[in-house]
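Asks: Protein sequence lines correspond, in order, to chains A and Z.
Numbering (our numbering) for the first sequence: 1 to 233.
Numbering (our numbering) for the second sequence: 234 to 466.
Built from N, CA and C at the ideal position, the CB exists for glycine as well.
There are 2 protein chains.
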Amino acid sequence: MTPRSPRPRDRGIPEATVARLPVYLRALQGMAERGTLTISSEDLASIAGVNSAKLRKDLSHLGSYGTRGVGYDVDYLVYQISRELGLTQDWTVAIAGVGNLGRALANYGGFGTRGFRIAALFDADLRVVGDEVAGLVVRHIDTLEDVVGSEDVAIGVIATPAVSAQGVCDRFVEAGVTSVLNFAPVVLNVPPAVDVRKVDLSIELQILAFHEQRKADGQAPPEAGWIDATEKT
Amino acid sequence: MTPRSPRPRDRGIPEATVARLPVYLRALQGMAERGTLTISSEDLASIAGVNSAKLRKDLSHLGSYGTRGVGYDVDYLVYQISRELGLTQDWTVAIAGVGNLGRALANYGGFGTRGFRIAALFDADLRVVGDEVAGLVVRHIDTLEDVVGSEDVAIGVIATPAVSAQGVCDRFVEAGVTSVLNFAPVVLNVPPAVDVRKVDLSIELQILAFHEQRKADGQAPPEAGWIDATEKT
DNA sequence: CCTACTTTGTGCGTACTTTCACAAGGGCGT
DNA sequence: ACGCCCTTGTGAAAGTACGCACAAAGTAGG
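1. Can the beta-carbon of arginine 103 (chain A) be found less than 8 Å from the beta-carbon of valine 133 (chain A)?
2. Give the list of continuous beta strand (DSSP E) stretches no shorter than 3 residues that lie fully inside the stretch 43-125 of chain A.
3. At 4 residues or longer, and completely inside the stretch 147-191 of chain A: list those alpha helix (DSSP H) runs for me, N to C.
4. At the level of alpha carbons, what is the spacing between aspartate 243 (chain Z) and serine 285 (chain Z)?
5. Between serine 179 (chain A) and chain Z, is there a C-beta pair that is closer than 8 Å?
6. Rounded C-beta distance between leucine 441 (chain Z) and arginine 430 (chain Z)? I'm assuming under 8 Å.
7. Report yes if the C-beta distance between valine 371 (chain Z) and isoleucine 351 (chain Z) is below 8 Å; otherwise report no.
8. Determine which residues share a DSSP beta bridge with isoleucine 272 (chain Z) and list them.
9. Relative to chain A, which residues along the stretch 310-322 of chain Z have a C-beta separation below 8 Å, given in chain order?
10. From glutamine 399 (chain Z) to serine 150 (chain A), what distance separates their C-alpha atoms?
11. For the candidate residues Z:Gly330, Z:Ala353, Z:Ser315, whose alpha-carbon lies nearest to that of threonine 393 (chain Z)?
12. Pull out every residue of the stretch 381-395 of chain Z whose Cβ sits closer than 7 Å to any Cβ of chain A, in chain order.
13. Per DSSP, what are the beta-bridge partners of aspartate 142 (chain A) in this structure?
14. Between which residues of its own chain and aspartate 364 (chain Z) is the CB-CB distance below 8 Å, once the five residues before and five after are set aside?
15. Should the stretch 64-80 of chain A be regarded as contacting the stretch 421-440 of chain Z, the criterion being three or more beta carbon pairs within less than 8 Å?
16. Counting pairs of Cβ atoms below 8 Å between the stretch 286-295 of chain Z and the stretch 258-271 of chain Z, do you hit three or more?
17. I'd like to confirm the pairing. Which residues does DSSP put opposite glutamate 132 (chain A) in its beta bridges?
18. Select from Z:Ala278, Z:Pro425, Z:Lys287, Z:Asp385 the residue whose C-alpha is nearest the C-alpha of aspartate 323 (chain Z).
19. Can you name the start and end residues of the beta strand (DSSP E) that arginine 26 (chain A) belongs to?
20. Exposed or buried, threonine 411 (chain Z), counting other C-beta atoms within 10 Å across all chains shown (16 or more means buried)?
21. Would you mind working out which of Z:Ile374, Z:Val303, Z:Gly409, Z:Ala387 sits nearest glutamate 275 (chain Z), comparing C-alpha positions?
22. So the alpha helix (DSSP H) arginine 127 (chain A) belongs to, where does it begin and stop?
23. At a Cβ cut of 8 Å, what residues of the stretch 259-289 of chain Z count as close to chain A, listed as they run along the chain?
24. Applying a beta-carbon distance threshold of less than 8 Å, which residues of chain Z neighbour aspartate 61 (chain A)?
25. Compare the C-alpha of valine 187 (chain A) against each of Z:Leu277, Z:Asp379, Z:Val251 and name the closest.
26. Could you work out which residues of chain Z lie near proline 185 (chain A), taking near to mean beta carbons separated by less than 8 Å?
27. Please state whether DSSP places aspartate 433 (chain Z) in a helix, a strand or coil.
28. Output needed for valine 185 (chain Z): all residues of its chain with C-beta closer than 6 Å, excluding positions within five of it in sequence on either side, in chain order.
29. Run through the DSSP bridge pairs and tell me what aspartate 217 (chain A) is partnered with.
30. Taking 7 Å as the limit between beta carbons, can you name the residues of its chain near phenylalanine 349 (chain Z), skipping five residues before and five after?
31. Assuming the contact rule is C-beta atoms closer than 8 Å, phenylalanine 443 (chain Z) and valine 18 (chain A) should be a hit. Round their C-beta distance to whole Å, please.
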């Protein structure tokens, strides 16, 4: 099993696993800061809110980085997960739309510290263009192509109103962006080579409403103990 | 039209389906506004960015609301999906944390129009308490219990810094909130009867980075046509 | 060196999801 | 009234994901 070749580098990590790696990473970074050297799958799983078998299976996709009887070396695992997620290199991000949401994103600390550099903020509203937000001057949306080209932006973030989203997306894609994070409540149309992920507040609330309604209809749901949120994604 | 048996009311709608219903609903509401009366699964699927077979199977969980040879009645389907999601009743929401993100959420239009009423905004920072945001006066976090109790808040939104999130969550839960939408980058601990959904910007970016890295490693990915974003959730 | 104990990595059964492909149902023109 | 054509609803297959339970592998102590 895994004859320790130069690189286990399995190119087929399940999507569900990829979505959990950032959670493990954050937990591990917290451990590292607190000076913990090693951690067992059981403990890490508990912090991350998942089943320990699932955690071990997830990590096994990256290679055999644990030590039986001991656990995982925290720093080493941080490095391996970071590398797998592509966080050992820097990614350049541009944000379109500087409303409250755009500002919240621009000021979000977790950006820079994790390999994401904000190259530019764009807006169409001339009352906002020229303002300084999070240390950057807001540029007019019509400079998008120039900036994306010269700064080699890989990820475009869309925080515009819904009506503008597809147009901005098209311009991002045309300019060479290959990943888009969409906060606007619309389904974006992109070529197959472009990845899109969406974050949609209204959808999340509606899903919660669905379950809330169930609880009301049914009645006393099973109440047992205090568990880690399974945070269904 | 469609006399239908009393209630197919299958209480077992798959989670994956529930997550897509809001997307269909939004697409249908757009159609309704534009005056479209009926729509085929093929067309609706295309707008929603999913496979038409998947759409039909999703809708089949709600009952048989289509007409063969014709398609679905837009208004009727809007109603059925709304009812299933619990949007025919109003849900009361409270938001904790009135930073840029909290403001963005409070000002987000899609709230009120879809059955979600914001009952209160809370913050711990005295410089913010008393401000008016989106027509509401920001209250001190210590009034959370009073308000949640008297306003019958069902959904708590956490838009605080990470360090405060678990504390606020505990107070929400203790006060009787049974659904939580968490924007803070932490894994929340809640009793089993409480639903938690998380929205985590940093995780989304890391997932995009992973795929971005793949594209770079590999090389020319298959480029074929122009498709609907599959927006992996 | 050998035994007892701990924790990983994974084989396997189960459950959920997606997709295909097609029979059944319903409208519409003649 | 009949038959053609369209679109739904669904059985079955294929692909994913999950979690149990345990053998393998490593530590620690005598």
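Replies: So, to answer that:
1. yes
2. 71-73, 91-96, 116-123
3. 162-175
4. Its pLDDT being 46, under 50, aspartate 243 (chain Z) is placed unreliably by the model, and nothing is read from it.
5. yes
6. About 20 Å separates the two Cβ atoms, so there is no contact after all.
7. no
8. Beta-bridge partners of isoleucine 272 (chain Z) (DSSP): Z:Tyr305.
9. Glu317, Leu318, Gly319, Leu320, Gln322
10. 42 Å
11. If you compare the alpha carbons of Z:Gly330, Z:Ala353, Z:Ser315 with that of threonine 393 (chain Z), the shortest gap goes to Z:Gly330.
12. Ala387, Ile388
13. Its beta-bridge partners do not exist; DSSP assigns none.
14. Val331, Val370, Val371
15. no
16. no
17. A:Val137
18. Closest in alpha carbon position to aspartate 323 (chain Z), among Z:Ala278, Z:Pro425, Z:Lys287, Z:Asp385, is Z:Asp385.
19. Careful: arginine 26 (chain A) lies outside any beta strand (DSSP E), inside the alpha helix (DSSP H) at 15-33.
20. buried
21. Z:Val303
22. Arginine 127 (chain A) -> no alpha helix (DSSP H), and no H or E assigned at all.
23. Arg259, Ala260, Ile280, Ala281, Gly282
24. For the record, residue 61 (chain A) in the displayed sequence is histidine; it is not aspartate. Correct list: empty, because the minimum Cβ distance to chain Z is about 12 Å.
25. Of the listed residues, the one whose Cα sits closest to valine 187 (chain A) is Z:Leu277.
26. Those within 8 Å of proline 185 (chain A) in chain Z are Arg259, Gly343.
27. coil
28. This structure gives no information on residue 185 (chain Z), because the portion of chain Z shown stretches from 234 to 466.
29. Aspartate 217 (chain A) is not bridged to any residue.
30. Closer than 7 Å at Cβ, skipping near neighbours: Trp324, Val326.
31. 5 Å
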